[in-house]
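There are 2 protein chains.
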Amino acid sequence: MAKQNTVFKDAFNRCLTQMAETSALPSEPELGQLLGVSRTTVRAILTRCEDLKLISWDKRRKTVLRRPEPSDYFPSEETSSLAEIIERSFMRRILAGGAEPGMQINELELAREIGTGTTSVREFLIRFSRFGLIEKRPNSHWVLKGFTRDFALELTEVREMFELRSAARFVALPEDHPAWEELKKIEAVHREILADIDSRYKEFSELDERFHLLVHKSSSNRFIVDFYDIIAIIFHYHYQWNKANARERNARALEEHLAYIAALRSREPKQVEQACRRHLKSARETLLQSIP
Amino acid sequence: MAKQNTVFKDAFNRCLTQMAETSALPSEPELGQLLGVSRTTVRAILTRCEDLKLISWDKRRKTVLRRPEPSDYFPSEETSSLAEIIERSFMRRILAGGAEPGMQINELELAREIGTGTTSVREFLIRFSRFGLIEKRPNSHWVLKGFTRDFALELTEVREMFELRSAARFVALPEDHPAWEELKKIEAVHREILADIDSRYKEFSELDERFHLLVHKSSSNRFIVDFYDIIAIIFHYHYQWNKANARERNARALEEHLAYIAALRSREPKQVEQACRRHLKSARETLLQSIP
DNA sequence: GATCTGTCTATTGTAGATAAAAAGACAAAA
DNA sequence: TTTTGTCTTTTTATCTACAATAGACAGATC
């Protein structure tokens, strides 16, 4: 096959979820906007809905005939893009499995294991190389540099520089900047999770990313914002992998975030710096502890 | 063709240059080491030398029969790798030619213009995207963000953070660290060029990169060192493109470098910071002046 | 015994082909 | 004015094939 129609399948599934809530479907261009796909794909989705007798579709009149059932959805394995599949598969190998620094990475072998062509693997490796975990020997293999202690220290060093600078910018944002509103919402979610920490502590990972990304974005610097991708991906997989004491760690981080948020809202540069440093220090320690 | 044999051609040319100096050729593995290629390529080179009656080759006995002539070399257009060709071609378009921010980039069109396959262009764009000048819309085109004033300001902001930190680390390097020796050599070249500035001012660009990379490397942080790639490529093409007052600008920068080097050698953190800031400030101004 | 050479295999770099998706044109309908 | 039906055209994502290059191993040579 030349191209998987995962865009279609994924958008179709999301459309069914929408349909479960509202009974009327908007116009084609509007639906395209909502699902983030082109009209061509929207029409393919509508056609399939009609075939499955989920809707009746006559020009502008789109009526939902019945609630979508689980069997109407495409299985979730079929909806992730190849890039996502490769990323997950690769990260599992290098973070969880015994992947020694210095190990050679073979494009063909990797492609075979994942079950794709070499081109996709190759493009993934090129994109991934900016994270500093692998390196290319031209005309030859890739070398795994590994998720080592050095890597973590170098990563956090830059992170700290960038986040301190971004936080300092944050307090200078004008009163009516949307970031303040978002910060309020994030704070509320923090309190909700903390109130029910035993059952909701797993939600921290996602919230953590949302909060720090907000801070980084206030730098208005594409290099700083882009760098956050590296932190996000490392912490994302790291949370999945290292679950020891997750509840305690997350509770502590939530408290630190609240102090940090309060400092931001006080708009006192000194307090912000202090709270930011404290949190970053413990984040670094957590990361380091998980490395042998 | 499936793969260009530029590695062979380039290594062949370099081998001829070597042969012009020494009359005896080392063993195959040694030659491979010297030229940075595998034995397979070395043997291909030797075979061609034999065919051209440049050497006689019988197992270990390799005798140079005659001096290589200009016509023996491959023309230089054939020795640059596809990636280099694409890079030059692309940079010319976006830095020199009328490339408006927001413009769409078309892989197929670009490939046709450069005369390569789409795969190589695509891989180039992926690699290049980390420089923040272009951005991908998934399932759709690339967008040129352009070499704008904002870009230059964001780039220099990060550069200044990184270089100040690296310079501070530099003064803490142990006395016997090879960087001190390299710094001495770089200083000497500065003085040589300054003494003959009218005819040698063009050599500044390369020296500039060598000096700043040395400083950045003392950070021992892969993210800081990798970031220098962005600065290097931008300044590299920028020097080629904007030649107004090149002599004066370079002379001034050389003087600033000398002050900066003296500060580093003094190992006085305060002086280093001052000299570094002064130079980075004028580098930033130079870059900004060239943007409309 | 160490290094070098002849030979062979494995892997990468690149081109070219093909299906999915986007993009869009334009007239007719709402 | 916006939406739809019906197209056609472009463009991307991905696969496959093949030459260049790297690398391995056994036997030859010093």
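Sequence order for the protein chains is P and R. The opening position of the first sequence corresponds to residue 1 in this note's numbering, with each subsequent residue numbered one higher. The opening position of the second sequence corresponds to residue 293 in this note's numbering, with each subsequent residue numbered one higher. Yeah, the Cβ is synthetic: ideal placement off N, Cα and C, and Gly gets one too. Bear in mind the structure is a predicted one, so any value in this text is a computation, not a measurement.
What is the rounded straight-line gap between the Cα of residue i and the Cα of residue j?
i, j, result
"lysine 573 of chain R", "tyrosine 552 of chain R", "13 Å"
"glutamate 135 of chain P", "alanine 172 of chain P", "39 Å"
"histidine 353 of chain P", "leucine 155 of chain P", "This structure does not reach residue 353 of chain P, given that chain P is present from 1 up to 292, and the question cannot be answered."
"glutamate 455 of chain R", "lysine 476 of chain R", "19 Å"
"isoleucine 526 of chain R", "leucine 110 of chain P", "34 Å"
"leucine 264 of chain P", "proline 178 of chain P", "14 Å"
"phenylalanine 151 of chain P", "arginine 130 of chain P", "13 Å"
"glutamate 548 of chain R", "arginine 122 of chain P", "43 Å"
"asparagine 431 of chain R", "isoleucine 45 of chain P", "17 Å"
"arginine 576 of chain R", "arginine 569 of chain R", "10 Å"
"glutamine 296 of chain R", "leucine 374 of chain R", "8 Å"
"aspartate 511 of chain R", "aspartate 518 of chain R", "Note on residue identity: the sequence assigns serine, not aspartate, to residue 511 of chain R. Each residue's Cα considered, the two are about 11 Å apart."
"glutamate 540 of chain R", "threonine 578 of chain R", "11 Å"
"alanine 460 of chain R", "methionine 311 of chain R", "45 Å"
"phenylalanine 8 of chain P", "glutamate 78 of chain P", "10 Å"
"phenylalanine 74 of chain P", "glutamate 28 of chain P", "21 Å"
"isoleucine 523 of chain R", "tryptophan 180 of chain P", "33 Å"
"threonine 119 of chain P", "glutamate 87 of chain P", "14 Å"
"isoleucine 224 of chain P", "phenylalanine 515 of chain R", "12 Å"
"arginine 112 of chain P", "phenylalanine 128 of chain P", "19 Å"
"glutamate 565 of chain R", "arginine 492 of chain R", "29 Å"
"lysine 562 of chain R", "arginine 544 of chain R", "22 Å"
Of the choices the options, whose alpha-carbon is the least far from that of residue i?
i, options, result
"isoleucine 85 of chain P", "P/Val143, P/Asp58, P/Ala99, P/Thr116", "P/Thr116"
"glutamate 322 of chain R", "R/Glu313, R/Arg335, R/Ala312", "R/Arg335"
"isoleucine 94 of chain P", "P/His177, P/Leu65, P/Leu144", "P/Leu144"
"tryptophan 241 of chain P", "P/Glu255, P/Glu273, P/Ser290", "P/Ser290"
"glutamate 175 of chain P", "P/Ser266, P/Asp196, P/Arg222", "P/Ser266"
"lysine 354 of chain R", "R/Lys301, R/Thr339, R/Glu361, R/Ala460", "R/Thr339"
"alanine 388 of chain R", "R/Gly438, R/Leu344, R/Pro367", "R/Gly438"
"arginine 137 of chain P", "R/Gly328, R/Met453, R/Asp490, R/Glu484", "R/Gly328"
"glutamate 107 of chain P", "P/Arg92, P/Ile126, P/Ala99", "P/Ile126"
"glycine 394 of chain R", "R/Phe420, R/His433, R/Ala294", "R/His433"
"glutamate 392 of chain R", "R/Leu425, R/Arg352, R/Ser319", "R/Leu425"
"alanine 487 of chain R", "R/Asn542, R/Met453, R/Glu473", "R/Asn542"
"histidine 508 of chain R", "R/Glu473, R/Leu550, R/Phe462, R/Arg492", "R/Phe462"
"leucine 580 of chain R", "R/Lys562, R/Phe420, R/Leu445, R/Pro362", "R/Leu445"
"alanine 303 of chain R", "R/Glu313, R/Ser368, R/Arg352", "R/Ser368"
Exposed or buried, which one is residue i when buried takes at least 16 other CB atoms within 10 Å?
i, result
"asparagine 245 of chain P", "exposed"
"arginine 451 of chain R", "buried"
"serine 458 of chain R", "buried"
"arginine 358 of chain R", "exposed"
"lysine 494 of chain R", "exposed"
"arginine 502 of chain R", "exposed"
"arginine 149 of chain P", "exposed"
"aspartate 229 of chain P", "exposed"
"aspartate 490 of chain R", "exposed"
"lysine 535 of chain R", "exposed"
"threonine 41 of chain P", "buried"
"alanine 275 of chain P", "buried"
"proline 360 of chain R", "buried"
"leucine 317 of chain R", "buried"
"alanine 2 of chain P", "exposed"
Assuming the contact rule is C-beta atoms closer than 8 Å, residue i and residue j should be a hit. Round their C-beta distance to whole Å, please.
i, j, result
"serine 348 of chain R", "threonine 298 of chain R", "Wrong, their Cβ atoms sit about 27 Å apart, outside the cutoff."
"serine 315 of chain R", "glycine 324 of chain R", "About 20 Å separates the two Cβ atoms, so there is no contact after all."
"glycine 381 of chain R", "isoleucine 406 of chain R", "Position check: residue 381 of chain R holds serine in this sequence, whereas glycine was assumed. Right, their Cβ atoms sit about 5 Å apart."
"histidine 482 of chain R", "leucine 546 of chain R", "6 Å"
"aspartate 58 of chain P", "leucine 16 of chain P", "In fact, because the Cβ distance is near 20 Å, the residues do not count as touching under 8 Å."
"leucine 506 of chain R", "isoleucine 485 of chain R", "So it is not a contact: roughly 17 Å between Cβ atoms."
"asparagine 513 of chain R", "glutamate 157 of chain P", "6 Å"
"leucine 54 of chain P", "valine 64 of chain P", "7 Å"
"tyrosine 237 of chain P", "serine 205 of chain P", "Not really, about 10 Å apart at Cβ, beyond 8 Å."
"methionine 453 of chain R", "methionine 91 of chain P", "Actually they do not touch by this definition, with Cβ atoms about 29 Å apart."
"leucine 258 of chain P", "glutamate 187 of chain P", "7 Å"
Would the C-beta of residue i count as close to the ligand FMN, meaning under 6 Å from any of its heavy atoms?
i, result
"isoleucine 516 of chain R", "This structure lacks the ligand FMN, and indeed carries no ligand of any kind."
(request) May I ask you to list, following chain order, the residues of the region 367–397 of chain R that have a beta carbon less than 8 Å from some beta carbon of chain P? (result) Here the close residues number zero.
(message) At a CB distance below 9 Å, what residues from the region 212–234 of chain P approach chain R? Give them in sequence order.
(response) Here the close residues are Ser219, Ser220, Asn221, Arg222, Phe223, Ile224, Asp226, Phe227, Ile230.
(request) May I ask you to list, following chain order, the residues of the region 422–438 of chain R that have a beta carbon less than 7 Å from some beta carbon of chain P? (result) Arg422, Gly424, Asn431
(request) Could you list the residues in the region 303–325 of chain R with a C-beta less than 8 Å from some C-beta on chain P, going in chain order? (result) none
(request) Closer than 9 Å, Cβ to Cβ, to anything on chain P: give me those residues from the region 406–419 of chain R, in chain order. (result) Thr411, Arg414, Glu415, Ile418, Arg419
(request) Could you list the residues in the region 33–51 of chain P with a C-beta less than 7 Å from some C-beta on chain R, going in chain order? (result) none
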